[in-house]
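Worksheet: one structure, shown below.
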Amino acid sequence: MKALPEELPEFFRAVFAENAIAHGAHDPDLARNRGAPNAREAEYAQHYIDVELLQGRPFAKNLRAHIELCAELGTSYHKVGTLPYALAEWTERLAIAFAEHRKWPDNPIIQSKCLVYAGFVAHYAQDMCQPLHLTVHFNGRAKSDGSSPGTGIHENVDALIERLELKADDLAKDQEITPVEELLPAIFQQVEAGHRLVDSVYDLEEELKNYREPTPALVDFANERAREAVRWTSAIYLTAWRMSDEIPLPGWLNR
């Protein structure tokens with residue numbers, strides 16, 4: 005939030021908003037609770053995209069086409085994952101909420117809705133900046149049958165920001181935030197860029213285990229990925245805000 009440009013509305017850049025969005029960013033993971041099986045089933049695949057399972061085929065233009073492509077390839081969307089489409093959906097939901105805010109700028113309920121939606125956007129955008137969310141090798145190199153060995157490397161990468169005590173001010177410093185021109189193509193480019201880093205993660209496997217004595221390479225990797233997560237999330241927020249200026253609201257809607 006510290007990297008957001010002043011173009012975004014003031015309520016969205018306030019300290020309360022920062023805390024509310026951070027709170028809500030946990031909700032997608034909470035929805036994978038085994039005690040809520042229907043929510044878990046709907047949510048689970050939205051946190052990853054195993055690029056290798058697409059067998060070199062281009063990303064599909066929307067979720068329905070992605071599901072059809074997975075079936076054509078002899079697999080399922082649940083196995084491949086739907087992360088790009090989850091981020092696109094929640095970005096557009098946020099854009100609609102921002103459009104409501106433009107029309108009713110003093111409505112606190114609309115503001116609260118924007119913050120809830122922004123939490124979901126943050127979660128999916130930042131999953132996308134963790135390379136192990138983009139590969140079949142998500143928790144150790146996949147076995148010959150495609151299963152994961154469960155080595156713990158995924159958690160070790162997820163925990164780097166806390167373990168290395170990276171500071172929000174440092175991660176936001178000197179960031180240049182610009183909106184994307186086309187939402188899904190930009191999301192696909194982000195996935196491809198992150199996927200190219202999978203081997204780099206495995207090159208750091210031992211350093212990740214010994215994080216209490218971090219090597220310069222590990223610190224550099226953590227800072228680069230964390231700063232990219234800040235930049236990408238902020239860019240998506242700005243994109244949603246710009247999109248909202250062009251979104252028509254139905255005539256029956258009265259807030």
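Counting in the numbering used here, the sequence shown runs without a single skipped number right up to 259 at its last residue.
The C-beta atom is built at its ideal place from N, Cα and C for all residues, glycine as well.
Predicted, not measured: the structure shown is a model, and the values here were computed from it.
With C-beta atoms as the reference, is residue i less than 9 Å away from residue j?
{"i": "Arg246", "j": "Pro189", "result": "no"}
{"i": "Thr139", "j": "Val202", "result": "yes"}
{"i": "Leu91", "j": "Ile191", "result": "yes"}
{"i": "Thr219", "j": "Ala126", "result": "no"}
{"i": "Tyr241", "j": "Asp131", "result": "no"}
{"i": "Ile165", "j": "Ala244", "result": "no"}
{"i": "Ala18", "j": "Ala176", "result": "no"}
{"i": "Ala26", "j": "Gly123", "result": "yes"}
{"i": "Leu87", "j": "Leu73", "result": "no"}
{"i": "Leu222", "j": "Leu257", "result": "no"}
Under the three-state reduction of DSSP, which class applies to residue i: helix, strand or coil?
{"i": "Gly198", "result": "helix"}
{"i": "Gly154", "result": "coil"}
{"i": "Gln59", "result": "coil"}
{"i": "Asp203", "result": "helix"}
{"i": "Thr237", "result": "helix"}
{"i": "Gln179", "result": "coil"}
{"i": "Ile53", "result": "coil"}
{"i": "Tyr215", "result": "coil"}
{"i": "Val19", "result": "helix"}
{"i": "Glu250", "result": "coil"}
{"i": "Lys171", "result": "coil"}
{"i": "Glu10", "result": "coil"}
{"i": "Trp94", "result": "helix"}
{"i": "Gly85", "result": "coil"}
{"i": "Lys65", "result": "coil"}
{"i": "Asn37", "result": "coil"}
{"i": "Leu242", "result": "helix"}
{"i": "Asn227", "result": "helix"}
{"i": "Glu45", "result": "helix"}
{"i": "Asn160", "result": "helix"}
{"i": "Glu166", "result": "helix"}
Whole angstroms is fine: what's the gap from residue i's alpha carbon to residue j's?
{"i": "Arg216", "j": "Ile100", "result": "44 Å"}
{"i": "Leu34", "j": "Cys118", "result": "19 Å"}
{"i": "Gly39", "j": "Asp31", "result": "14 Å"}
{"i": "Met5", "j": "Glu228", "result": "17 Å"}
{"i": "Asn37", "j": "Asp224", "result": "34 Å"}
{"i": "Lys65", "j": "Phe102", "result": "24 Å"}
{"i": "Asn23", "j": "Ala46", "result": "26 Å"}
{"i": "Phe63", "j": "Asp162", "result": "26 Å"}
{"i": "Val234", "j": "Glu76", "result": "36 Å"}
{"i": "Phe15", "j": "Arg200", "result": "37 Å"}
{"i": "Asp54", "j": "Glu93", "result": "19 Å"}
{"i": "Pro153", "j": "Lys147", "result": "7 Å"}
{"i": "Leu12", "j": "Thr95", "result": "15 Å"}
{"i": "Ile181", "j": "Ile251", "result": "22 Å"}
{"i": "His150", "j": "His141", "result": "Checking the displayed sequence, the identity of residue 150 turns out to be Gly instead of His. Using only the alpha carbons, I get a separation of about 9 Å."}
{"i": "Ala21", "j": "Ala239", "result": "17 Å"}
{"i": "Thr79", "j": "Gly28", "result": "32 Å"}
{"i": "Gln194", "j": "Pro9", "result": "21 Å"}
{"i": "His70", "j": "Arg97", "result": "20 Å"}
{"i": "Glu196", "j": "Ser248", "result": "27 Å"}
{"i": "Arg61", "j": "Leu187", "result": "19 Å"}
{"i": "Leu253", "j": "Tyr89", "result": "23 Å"}
{"i": "Gln179", "j": "Leu170", "result": "16 Å"}
Just to confirm my understanding: we take residue i, look at its own chain, exclude 5 residues before and 5 after, and list those with CB closer than 6 Å. What are they?
{"i": "His82", "result": "Ala49"}
{"i": "Val120", "result": "Gly28"}
{"i": "Glu232", "result": "Cys133"}
{"i": "Arg160", "result": "Before going on, a small fix: residue 160 reads as Asn here, not Arg. The residues are Leu212."}
{"i": "Ala226", "result": "Leu164 and Leu168"}
Please work out which residues of its chain come closer than 7 Å, Cβ to Cβ, to residue i, disregarding the five sequence neighbours upstream and downstream, and give them in chain order.
{"i": "Arg259", "result": "Glu104, Trp108, Asn111 and Ile114"}
{"i": "Gly198", "result": "Met132, Cys133, Pro135 and Leu138"}
{"i": "Ala172", "result": "Lys6"}
Looking only at its chain, what residues have a beta carbon closer than 8 Å to the beta carbon of residue i, apart from the 5 residues adjacent to it on each side?
{"i": "Ile157", "result": "Leu136, Asn143, Gly144, Val205, Tyr206, Glu209 and Leu212"}
{"i": "Tyr128", "result": "Pro32, Gln50, His51, Leu87, Ala90, Leu91 and Trp94"}
- request: For the segment 109-154, list the alpha helix (DSSP H) runs that are entirely contained and at least 4 residues long, ordered along the chain.
  value: 112-131
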